[in-house]
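Protein chains in written order, with the numbering used here: chain L, 84 to 349; chain E, 224 to 485.
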């Protein structure tokens with residue numbers, strides 16, 4: 084990279100401070116987002132209770148353990164609302180209006196700029212609710228809080244966030260070819276709902292799909308197992324490997340896609 | 224009458240041609256409707272289904288029917304209308320001797336027509352993978368089911384029209400629509416069959432319009448025992464309630480509408 088690293092950190096600070104200031108002009112949004120998070124969480128708990136019925140296991144997971152998975156899902160959903168959605172959904176309009184030209188001319192990595200320019204505080208309720216649910220449910224399920232265990236959890240949560248980012252980025256970058264008024268990234272949100280439940284709750288075919296093709300298992304199940312202190316070394320390594328590969332792929336795909344970008348009206 | 228038919232034909236034909244241009248994205252949207260199939264996977268291994276007395280076969284018939292119903296009742300009016308109103312594109316439509324909402328309705332119907340091959344393809348893949356999960360509905364069930372899908376779509380379109388009309392007054396209409404999606408998600412039967420709900424929760428859900436938008440047509444298609452007369456009656460009642468509200472809001476809203484730069 085042509086620039087010193089700390090320029091990136093300083094840019095990030097400016098980006099998020101300015102978006103925060105802009106977003107805080109619309110404070111009524113906070114009430115709406117709170118309502119949405121509470122409604123979604125209540126609905127998810129309701130459906131989870133229906134799924135358990137009178138049995139005590141779902142795919143071998145107890146109620147409290149499944150709540151950890153739901154917590155990780157809520158956390159990632161908050162991350163999506165806070166960072167991924169506000170940034171990556173704009174690629175479409177940049178392509179449509181030709182303003183991607185200006186992004187490409189900036190003396191900063193274009194993928195970095197596109198991915199981090201905005202920060203929406205309206206994702207915070209989801210982040211807080213997710214973290215709260217994880218802590219509460221993990222305690223109920225009797226998870227331990229040793230330093231090594233917390234470090235592994237943090238590492239696997241970070242790798243799941245990287246995988247989620249890369250998936251979003253790959254799909255959003257497709258808009259270089261397919262443009263329409265709304266964009267394909269929303270599609271991902273619907274499919275990732277599968278991550279609300281431990282991957283072992285699915286039949287074998289879907290389980291394979293959610294591990295190998297669409298890495299839902301690495302998004303919520305693997306970090307949840309780390310939180311519960313029972314993740315195996317092979318799964319942890321696989322998660323890190325998938326994260327590295329996904330990030331590399333997103334990087335390569337962006338360079339490749341830019342070759343096909345011909346600006347608006349040309 | 225002949226004029227209306229001609230307008231409808233031209234509108235549908237042009238909108239269909241327009242939607243065909245975007246078939247790649249519509250295929251992605253069709254793919255995004257897989258939620259009922261994902262839920263089918265979870266329900267098949269869940270104790271809750273056994274407790275509610277649903278056999279694996281009933282579950283798969285229900286959720287695959289729900290998948291089909293969902294595909295043909297998707298409404299995205301608010302997203303295009305908000306942009307058209309904001310950017311002033313609504314103004315030329317208002318000059319034409321045709322209520323602009325018909326244009327949006329035609330766009331939705333054309334988009335559904337574009338979806339048909341993708342939905343058929345997904346069903347074919349399902350039939351190949353899990354032949355026992357699919358059952359061809361009887362002619363009667365199919366007819367009633369299709370009729371109910373049409374009515375469910377009309378109800379969803381009207382409900383979103385009411386919310387969309389709030390765009391004339393507020394910038395938060397889309398946020399309100401997003402909030403309405405939450406009860407739709409959990410009460411319509413999209414993620415859990417209504418038969419698995421505890422009794423009080425089920426009666427509460429049935430008092431809202433949401434189950435008639437999905438669960439009712441899906442049950443008809445899946446050939447499950449359901450009171451067809453009561454279901455169609457509820458659909459008609461909700462439509463009769465929302466249609467005048469939508470119309471009044473439209474009239475009041477257009478009077479407020481000041482296009483771009485006014």
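Built from N, CA and C at the ideal position, the CB exists for glycine as well.
Minimum Cβ-Cβ distance from residue i to chain L less than 8 Å
i	result
residue 313 of chain E	no
residue 414 of chain E	yes
residue 280 of chain E	no
residue 238 of chain E	no
residue 269 of chain E	yes
residue 309 of chain E	no
residue 266 of chain E	yes
residue 287 of chain E	no
residue 443 of chain E	no
residue 426 of chain E	no
residue 300 of chain E	no
Closer than 8 Å at the beta carbon, the chain B residues around residue i
i	result
residue 112 of chain L	The structure shown contains no chain B; its protein chains are L and E.
Cα-Cα separation, residue i to residue j
i	j	result
residue 344 of chain E	residue 460 of chain E	35 Å
residue 409 of chain E	residue 265 of chain E	15 Å
residue 242 of chain L	residue 195 of chain L	18 Å
residue 249 of chain E	residue 334 of chain E	8 Å
residue 252 of chain E	residue 270 of chain L	6 Å
residue 288 of chain E	residue 371 of chain E	12 Å
residue 176 of chain L	residue 286 of chain L	39 Å
residue 132 of chain L	residue 476 of chain E	43 Å
residue 249 of chain L	residue 239 of chain L	15 Å
residue 316 of chain E	residue 328 of chain E	14 Å
residue 245 of chain L	residue 190 of chain L	24 Å
Beta-carbon proximity list for residue i, same chain, < 8 Å, skipping 5 on both sides
i	result
residue 466 of chain E	381
residue 305 of chain E	387, 390, 396 and 397
residue 449 of chain E	439, 442 and 443
residue 239 of chain E	333, 336 and 337
Close Cβ partners of residue i (< 7 Å) along its chain, the five nearest in sequence each way excluded
i	result
residue 143 of chain L	283
residue 187 of chain L	193
residue 156 of chain L	278, 279 and 303
residue 276 of chain L	none
residue 242 of chain E	249, 333, 334 and 337
Cutoff 6 Å; reference residue i; Cβ partners in own chain excluding five residues on either side
i	result
residue 160 of chain L	209
Chain L contact residues for residue i, given Cβ-Cβ distances below 7 Å
i	result
residue 261 of chain E	276 and 277
residue 363 of chain E	Ordered by position in chain L, no residue passes the 7 Å Cβ test against residue 363 of chain E, which lies about 31 Å from the chain.
residue 274 of chain E	136 and 137
Span of the alpha helix (DSSP H) around residue i
i	result
residue 112 of chain L	111 to 135
residue 289 of chain L	287 to 291
residue 237 of chain E	225 to 244
residue 425 of chain E	422 to 429
Within chain E, partners of residue i - CB distance below 8 Å
i	result
residue 180 of chain L	Within 8 Å Cβ-Cβ: nothing; residue 180 of chain L doesn't reach chain E, min ~12 Å.
residue 270 of chain L	251, 252, 254 and 255
Cutoff 8 Å: residue i Cβ touching any chain E Cβ
i	result
residue 123 of chain L	yes
residue 136 of chain L	yes
residue 171 of chain L	no
residue 209 of chain L	no
Residues that residue i contacts on chain E, provided the C-beta gap is smaller than 7 Å
i	result
residue 130 of chain L	409, 414 and 415
residue 286 of chain L	264, 267 and 268
Cross-chain neighbours of residue i in chain L, by beta carbon under 8 Å
i	result
residue 479 of chain E	By Cβ distance, chain L contributes nothing, its closest Cβ being about 20 Å from residue 479 of chain E, past 8 Å.
residue 405 of chain E	119, 122, 123 and 126
residue 257 of chain E	273 and 274
Closer than 9 Å at the beta carbon, the chain E residues around residue i
i	result
residue 106 of chain L	Going along chain E, no residue has its Cβ under 9 Å from residue 106 of chain L, so there is no contact; the nearest lies around 13 Å.
residue 115 of chain L	395, 398, 399, 401 and 402
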